[in-house]
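For reference, the structure is listed below as structure tokens.
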Amino acid sequence: MTDPLPDTTTRTYQTLYPLLHLLFHMALAGKLFRKFPGKGSKFVLKPTERLLLYEELKPAEKYFFLLETFWVDADWKKLQAGYFGHSPMNTVSGVLEFLSKQQPEKKIQVKVNRDSHISMILSDWEYFLHYFSFFGFWEVTRDKDLVAQQEPKRLFRAESITPSTFGVTISEILSEARNLYYWNLPFRRKMGEWKAIPGSACYDENTKRFLKIKPKSNKSKTSIEIDKGKTGDPFFLPFIPLFTEGELQKSLPREEVKFVDGTYVFKASLAKNLWRTIEISADHTLLDLHNSIRMAYRFDDDHLYSFFMDGKLWSHECFTSPNDDQGICVDEVRIGELGLFVGQNILYLYDYGDMWRFEVKLEEIITESPKPRKPQVIEKIGKAPEQYG
Numbered sequence: 001m002t003d004p005l006p007d008t009t010t011r012t013y014q015t016l017y018p019l020l021h022l023l024f025h026m027a028l029a030g031k032l033f034r035k036f037p038g039k040g041s042k043f044v045l046k047p048t049e050r051l052l053l054y055e056e057l058k059p060a061e062k063y064f065f066l067l068e069t070f071w072v073d074a075d076w077k078k079l080q081a082g083y084f085g086h087s088p089m090n091t092v093s094g095v096l097e098f099l100s101k102q103q104p105e106k107k108i109q110v111k112v113n114r115d116s117h118i119s120m121i122l123s124d125w126e127y128f129l130h131y132f133s134f135f136g137f138w139e140v141t142r143d144k145d146l147v148a149q150q151e152p153k154r155l156f157r158a159e160s161i162t163p164s165t166f167g168v169t170i171s172e173i174l175s176e177a178r179n180l181y182y183w184n185l186p187f188r189r190k191m192g193e194w195k196a197i198p199g200s201a202c203y204d205e206n207t208k209r210f211l212k213i214k215p216k217s218n219k220s221k222t223s224i225e226i227d228k229g230k231t232g233d234p235f236f237l238p239f240i241p242l243f244t245e246g247e248l249q250k251s252l253p254r255e256e257v258k259f260v261d262g263t264y265v266f267k268a269s270l271a272k273n274l275w276r277t278i279e280i281s282a283d284h285t286l287l288d289l290h291n292s293i294r295m296a297y298r299f300d301d302d303h304l305y306s307f308f309m310d311g312k313l314w315s316h317e318c319f320t321s322p323n324d325d326q327g328i329c330v331d332e333v334r335i336g337e338l339g340l341f342v343g344q345n346i347l348y349l350y351d352y353g354d355m356w357r358f359e360v361k362l363e364e365i366i367t368e369s370p371k372p373r374k375p376q377v378i379e380k381i382g383k384a385p386e387q388y389g
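Next up, the structure:
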């Protein structure tokens with residue numbers, strides 16, 4: 001791939017290839033590809049029908065589908081593979097406002113003016129300096145002193161940025177009509193909203209309090225007329241006037257997670273030779289799955305817990321216990337509406353003190369037989385450990 005970080009090799013991790021890292025997450029977030037279990041602990045990517053639809057789009061339509069995926073569907077915490085790993089969610093509005101007021105093609109010296117407000121913000125952006133460059137907002141040059149000082153490869157800071165005419169224009173549109181806090185779905189799920197509509201008002205109190213502290217942007221003197229539209233409008237709508245007629249007409253349909261009925265068979269493992277296999281209906285909730293696993297191992301029910309749907313501890317893709325004050329509650333979602341796939345590994349963390357980690361793998365979805373009225377354990381391997389032993 002183009003633009004690898006210095007001193008990369010053919011065996012270098014994906015995270016040292018910023019463009020590859022971005023495209024990997026975009027392909028999954030945009031549902032152009034899906035992950036399936038491969039050999040051992042590896043997985044393989046397989047294209048979906050949406051990839052064919054994407055290939056039929058015009059160039060401008062492809063661009064705005066990818067920008068929509070980046071803006072709406074991608075988890076910015078996962079995208080940030082820089083050394084410090086800070087997501088720029090909280091600073092992007094200020095950067096867009098700054099960028100919308102700049103003279104296109106005029107270089108901005110970030111390093112020389114390190115004490116300026118914008119330079120201090122961008123010092124934390126790391127990989128997002130690349131990403132905004134890939135999307136055409138600006139050209140970025142790396143601080144050469146970082147290489148000379150043998151700083152960590154993933155530490156990326158800018159010597160300068162040069163805004164493009166296109167970047168200056170769409171920055172104002174994004175700032176005015178596509179506020180990231182309202183449009184980014186992983187952020188809204190993190191704030192406790194399940195099934196939020198991109199661009200809709202925030203009904204969760206945590207999100208409302210968060211947004212109240214964000215300053216309103218001031219329009220630039222050369223502000224263009226922007227159609228903010230209404231909830232449910234396509235993401236690309238306010239950008240149509242930037243193109244000649246017919247260049248930007250459509251995108252891929254937004255896929256809502258469909259309810260998949262049936263009996264779900266989960267294997268909840270604590271170790272290689274210690275597991276319980278549980279059958280549960282699509283109509284049951286994650287709260288029911290929690291109780292099934294807990295009871296199968298004879299654990300009590302007086303601790304907090306979470307289900308991390310991507311299998312990664314403390315990721316944003318999680319559902320939490322009813323007594324937790326963060327995240328989406330396990331009793332709000334049914335198993336059949338989670339969009340699970342056979343082979344998916346979920347991390348179920350029980351008791352934040354003792355940290356009991358269960359690997360919960362979806363073994364099968366049975367659609368041709370009656371669903372169980374109550375979850376049931378159908379297989380036991382290994383002796384359950386003492387919870388407080």
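By our numbering, the letter at position 249 of the sequence shown is numbered 249, and the numbering carries on one by one without gaps. Where a beta carbon is used, it is the ideal one built from N, C-alpha and C, also for glycine. Everything numeric in this text was worked out from a predicted model, so none of it was measured.
For arginine 254, same chain residues with a beta-carbon under 8 Å away, outside a window of 5 residues either side, are Pro198 in chain order. Under the three-state reduction of DSSP output, leucine 155 falls in the coil class, being neither helix nor strand. With respect to the 7 Å criterion, threonine 285 and arginine 334 are classified as neighbours on the basis of their beta carbons.
Counting other Cβ atoms within 10 Å of its Cβ, tyrosine 127 reaches 16 or more and is therefore classed as buried. Around the Cβ of leucine 313, a 10 Å sphere holds fewer than 16 other Cβ atoms; the residue is exposed. Three or more Cβ pairs closer than 8 Å define a contact, and the region 184-203 meets that threshold against the region 325-343.
With respect to glutamate 61, leucine 248 sits close: the two C-beta atoms are nearer than 7 Å. The region 109-116 and the region 30-44 do not touch, with fewer than three beta-carbon pairs separated by less than 8 Å. Within the same chain, Cβ atoms closer than 6 Å to the Cβ of lysine 380 are found at Arg276, the five residues on either side in sequence being excluded. Take the alpha-carbon of alanine 74 and the one of methionine 26: they are about 7 Å apart.
A straight line joining the alpha-carbon of proline 234 with that of leucine 20 spans about 27 Å. Listed as beta-bridge partners of tryptophan 356 by DSSP are Tyr350. Just so you know, the alpha carbons of tyrosine 13 and lysine 77 end up roughly 18 Å apart. The alpha-carbon separation between arginine 157 and leucine 22 amounts to approximately 18 Å.
When C-alpha distances from serine 123 are compared across Ser369, Phe134, Trp138, Tyr83, the shortest belongs to Tyr83. Glutamate 386 and leucine 274 have their C-alpha atoms roughly 13 Å apart. Within the region 134-202, the alpha helix (DSSP H) runs of at least 4 residues that lie entirely inside it are, in chain order, 144-148, 165-177, 180-183, 185-190. Annotated as distal: alanine 268 and valine 168, with beta-carbon spacing of 7 Å or more. Straight-line measurement puts the Cα of leucine 338 at about 21 Å from the Cα of arginine 294. DSSP, reduced to helix, strand and coil, places tryptophan 314 outside both helices and strands of the structure shown, so it counts as coil.
In this structure serine 292 is not in contact with proline 372, their Cβ atoms being roughly 10 Å apart against a cut-off of 8 Å. Between tyrosine 388 and the set Met355, Phe341, Ser369, His290, the nearest pair of CA atoms involves Met355.
Leaving aside the five residues that flank arginine 357 on each side, the residues in its chain whose CB is nearer than 7 Å to its CB run, in chain order, Leu347, Leu349. Sixteen is the threshold: when 16 or more other Cβ atoms of the shown chains lie within 10 Å of the Cβ of glutamate 172, as they do, the residue is buried.
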